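For the sequence shown, the working numbering gives the first residue as 2, with consecutive numbering after it.
Right, one structure below, let's go through it.
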Amino acid sequence: MWTAAAAVVVLLLAGAGITFALRSGDDEDTASTAPSAVASVPLAPSPSATPSPSPGSDITGPLDLLLLGVDTRVSVADWQPHSDSIMLLHVDAGLKTAYLTSLPRDLRVDIPAFAKNGYPGGRHKLTEAMAYGARVKGTDKANVPQGYELLAKTISAYTGIKKFDAGAVLTFGGLAKLTDALGGVTLTIDQKVVSHHRKPDGSMRPLKAGGGDYVGPQAVYLPGTRTLVGWQAIDYARQRYGLPNGDYDRTRHQRQLVRALLTKAESSGLATDSSKLQAVITALGDSLLLTGSRSAVEYAYALRDLTPASIKLVDLPGDSVSSGGGYVGEQLSAEGRAYLKAVAAGKPAAFLAGHPKLINK
Numbered sequence: 002m003w004t005a006a007a008a009v010v011v012l013l014l015a016g017a018g019i020t021f022a023l024r025s026g027d028d029e030d031t032a033s034t035a036p037s038a039v040a041s042v043p044l045a046p047s048p049s050a051t052p053s054p055s056p057g058s059d060i061t062g063p064l065d066l067l068l069l070g071v072d073t074r075v076s077v078a079d080w081q082p083h084s085d086s087i088m089l090l091h092v093d094a095g096l097k098t099a100y101l102t103s104l105p106r107d108l109r110v111d112i113p114a115f116a117k118n119g120y121p122g123g124r125h126k127l128t129e130a131m132a133y134g135a136r137v138k139g140t141d142k143a144n145v146p147q148g149y150e151l152l153a154k155t156i157s158a159y160t161g162i163k164k165f166d167a168g169a170v171l172t173f174g175g176l177a178k179l180t181d182a183l184g185g186v187t188l189t190i191d192q193k194v195v196s197h198h199r200k201p202d203g204s205m206r207p208l209k210a211g212g213g214d215y216v217g218p219q220a221v222y223l224p225g226t227r228t229l230v231g232w233q234a235i236d237y238a239r240q241r242y243g244l245p246n247g248d249y250d251r252t253r254h255q256r257q258l259v260r261a262l263l264t265k266a267e268s269s270g271l272a273t274d275s276s277k278l279q280a281v282i283t284a285l286g287d288s289l290l291l292t293g294s295r296s297a298v299e300y301a302y303a304l305r306d307l308t309p310a311s312i313k314l315v316d317l318p319g320d321s322v323s324s325g326g327g328y329v330g331e332q333l334s335a336e337g338r339a340y341l342k343a344v345a346a347g348k349p350a351a352f353l354a355g356h357p358k359l360i361n362k
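Here's what the structure looks like:
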């Protein structure tokens, strides 16, 4: 649902890489395997008598990044977080081209047992791996970094991607904060989208008296080039009801929004203006979590040449799964599963050359 997780990691680790690479020192724990909150850090370089190689200059790729949007429902006590936007970003060995795709939140997968909280494992929707992993043993509390760990293990087992070099998790309100910090985002809307949740003025639609669906006027997003503010970006990115292809249309819109956010950051000069970059980081606060075997500054420098135009957006076709006459989730087609195998083997470009229809605009 919260697609900006992908946009954030690209914005901070790629589009803004040069600025990050100039900052002095790096306080992050590069050995951490779980996400940690992004802190506000000084961005100005300090003089050095002997110039040393830029941090991250030895990273050659290929890289696989796991980008998650998490619904934390902060207004609901003890709500277990669900990962409603799940994206994979594969960066080729030269670190100048990349491929962004989405896994359906309702994808039926085998979630492995998790010793940290005693979860026994089972076959469920992919979005539930975050919730099962986030449970803190013996309490009703949730630990998002712990949930990330189980979700990453689940996706590795399903895709064959042995490890993710870095990851990002953006929590509930992060997309609005990011979009507003950038002054809004302009994108091309490719089909009429009617909001299930919001009125035209951005306020929430009320539930029908006595329970049931939402009622009242609805925000509508018409085809064409539109500029969205924060709440509109959230609302547009989460809609699937009423769309011809449901969640598959939604995930396509999410990937388009990711690229639009990166384009806006690039045109705003975020990569060369440390004050603008610091404003974005400050606005996000603890709604953004990052993880990686190397520090953010190192990935930032390594991905400095990755641009919006060099990121291909890839569809993974699939269809619904039923059991006992009821809907239980989604499954990818043979073509979609084959693409994931190609990514795991580091050969997405060769696969897409033979399956060009998977690339969307």
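Glycine included, every Cβ here is placed at the ideal spot set by N, Cα and C.
Only a predicted model underlies this, so the values are computations on that prediction, with no experimental measurement involved.
| query | result |
| --- | --- |
| CA-to-CA distance, residue 346 to residue 239, given in whole angstroms | 31 angstroms |
| C-beta contact flag for residue 61 and residue 94 at 8 angstroms | yes |
| Nearest to residue 234 (by Cα), restricted to the options 185, 127 and 244 | 185 |
| Nearest neighbour of residue 225, chosen from 189, 196 and 150 [CA to CA] | 189 |
| CB contact flag (residue 131, residue 83, <8 angstroms) | yes |
| Burial state of residue 202, where buried means 16 or more other Cβ atoms lie within 10 Å | exposed |
| Spatial distance of residue 327 from residue 106 (CA atoms) | 17 angstroms |
| Pair within 8 angstroms by beta-carbon distance, residue 167 and residue 249 | no |
| C-beta atoms of residue 122 and residue 112 nearer than 8 angstroms | yes |
| Whole-Å CB distance - residue 92 paired with residue 304, under 8 angstroms assumed | 7 angstroms |
| Distance between residue 56 and residue 1 (C-alpha atoms, nearest Å) | Past the boundaries of the shown model lies residue 1; the chain is included only from 2 to 362, so the question cannot be answered. |
| Touching by the beta-carbon criterion (3+ pairs, under 8 angstroms), the segment 307-316 and the segment 255-269 | yes |
| In chain order, each alpha helix (DSSP H) run of at least 4 residues that lies wholly inside the segment 253-337 | 275-285 and 297-303 |
| Residue 176 versus 200, 81 and 71, residue with shortest Cα-Cα distance | 71 |
| CA-to-CA distance, residue 255 to residue 191, given in whole angstroms | 12 angstroms |
| Straight-line gap, residue 321 to residue 232 (C-alpha atoms, nearest Å) | 30 angstroms |
| Residues bridged to residue 126 [DSSP beta-bridge criterion] | 109 |
| Three-way DSSP call (helix, strand, coil) for residue 241 in this model | coil |
| Beta-carbon separation (whole angstroms), residue 334 vs residue 318, contact threshold 8 angstroms | 5 angstroms |
| Cβ-Cβ distance between residue 135 and residue 147 below 8 angstroms | yes |
| Beta-carbon spacing of residue 183, residue 281 below 8 angstroms | yes |
| Where residue 157 falls: helix, strand or coil (DSSP) | helix |
| Nearest-angstrom Cα separation, counted from residue 96 out to residue 302 | 11 angstroms |
| Three-way DSSP call (helix, strand, coil) for residue 353 in this model | helix |
| Close Cβ partners of residue 108 (< 6 angstroms) along its chain, the five nearest in sequence each way excluded | 127 and 331 |
| Residue 60, DSSP secondary structure in three states | coil |
| Sheet register partners of residue 90 (DSSP bridge) | 66 and 101 |
| Contact set for residue 313: own chain, Cβ-Cβ below 6 angstroms, skip 5 residues either direction | 100 and 360 |
| Proximity of residue 90 and residue 66 at Cβ, strictly below 8 angstroms | yes |
| Exposure label - residue 110; buried when at least 16 CB within 10 Å | buried |
| Per DSSP, cross-strand counterpart(s) of residue 190 | 225 |
| Sub-8 angstroms separation of residue 193 and residue 220 beta-carbons | no |
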